[in-house]
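Visitor:
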Amino acid sequence: MAAMRDIAHPIGRSVARGLAGRCPNCAQGRMFWKYLKVSSRCEACDQDLARYPADDGPAYLTILLVGHLIVAPMLFFPIVWESNPLISVPIILGALSVLTLLALPRVKGGWVGLMYALNVTSSDSAIHTADAAD
Ligand SMILES: [Zn+2]
Numbered sequence: 019m020a021a022m023r024d025i026a027h028p029i030g031r032s033v034a035r036g037l038a039g040r041c042p043n044c045a046q047g048r049m050f051w052k053y054l055k056v057s058s059r060c061e062a063c064d065q066d067l068a069r070y071p072a073d074d075g076p077a078y079l080t081i082l083l084v085g086h087l088i089v090a091p092m093l094f095f096p097i098v099w100e101s102n103p104l105i106s107v108p109i110i111l112g113a114l115s116v117l118t119l120l121a122l123p124r125v126k127g128g129w130v131g132l133m134y135a136l137n138v139t140s141s142d143s144a145i146h147t148a149d150a151a152d
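For the sequence shown, position 98 (counting from the first letter as 1) is numbered 116 according to the numbering used here, and the numbering increases by one without interruption.
1. Of all the alpha helix (DSSP H) runs that stay within the bounds of the region 50 to 124, which reach a length of 4 or more residues?
2. Whole angstroms are fine: how far does the CA of P96 sit from the CA of W51?
3. Name the DSSP bridge partner or partners of R48?
4. Assuming contact is defined by CB atoms lying nearer than 7 Å, are G36 and G131 in contact in what I supplied?
5. How big is the Cα-Cα spacing for R31 and D66?
6. Quick one: grab the DSSP three-state call for I12.
7. So, is G128 buried or exposed, given that buried needs 16 or more other C-beta atoms within 10 angstroms?
8. Just how far apart, CA to CA, sit K126 and H86?
9. When you compare each of Y78, A68, P76, L111 to T92 by their alpha carbons, which one comes out closest?
10. What would DSSP say about A20, mapped onto helix, strand or coil?
11. Looking at the structure shown, is V138 part of a helix, part of a strand, or coil, going by DSSP?
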């Protein structure tokens, strides 16, 4: 059984810096060098940002947020059901697409910030495989 990992850095501060797209260590350097590409090293403090895994976590969390917090409540509004689907569906899907694309880098930044705070690195990925359970 794996031992509990100590929290290496303040979680709230690290996640907030990541949500802002900043380095979780110094909050000065940018987290991404492209839309969803995490910088290999922070340009301000030289922190190795590429070592913190994101994998599919940010995508699942973004789907959870958009799907459960936006889509489900939206279905309670009668205008969604009473309007012409040829008009409402493209508008709703377009707005949800834009919202998802805006949320995804922020969620990924927060995710990397969380991995930084918990000091979970790519080398820890072996503990998530079925072989490690033996
Ligand atoms: Zn930094």
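The C-beta atom is built at its ideal place from N, Cα and C for all residues, glycine as well. Predicted model only: the values in this text are computed from it and were never measured.
Guide: Let me spell this out:
1. Counting only unbroken stretches of 4 or more residues, the alpha helix (DSSP H) elements lying wholly within the region 50 to 124 are 75 to 84, 96 to 100, in sequence order.
2. So the alpha carbons of these two residues sit roughly 42 Å apart.
3. Beta-bridge pairing links R48 to R40.
4. Yes; because the gap between Cβ atoms is below 7 Å, this pair is in contact.
5. For the pair R31 and D66, the Cα-to-Cα distance works out to about 18 Å.
6. A question about residue 12 goes unanswered here, because the residues of the chain that appear run from 19 up to 152.
7. With 16 or more Cβ atoms within 10 Å of its Cβ, G128 is classed as buried.
8. Taking the straight line from one Cα to the other gives about 18 Å.
9. Sequence inspection shows Met at residue 92; the Thr mentioned does not correspond to that position. The shortest C-alpha separation from M92 is found at L111.
10. Residue confidence for A20 is low, a pLDDT of 46 falling below 50, so the modelled location carries little weight and cannot support an answer.
11. Reduced to three states, the DSSP call for V138 is coil.
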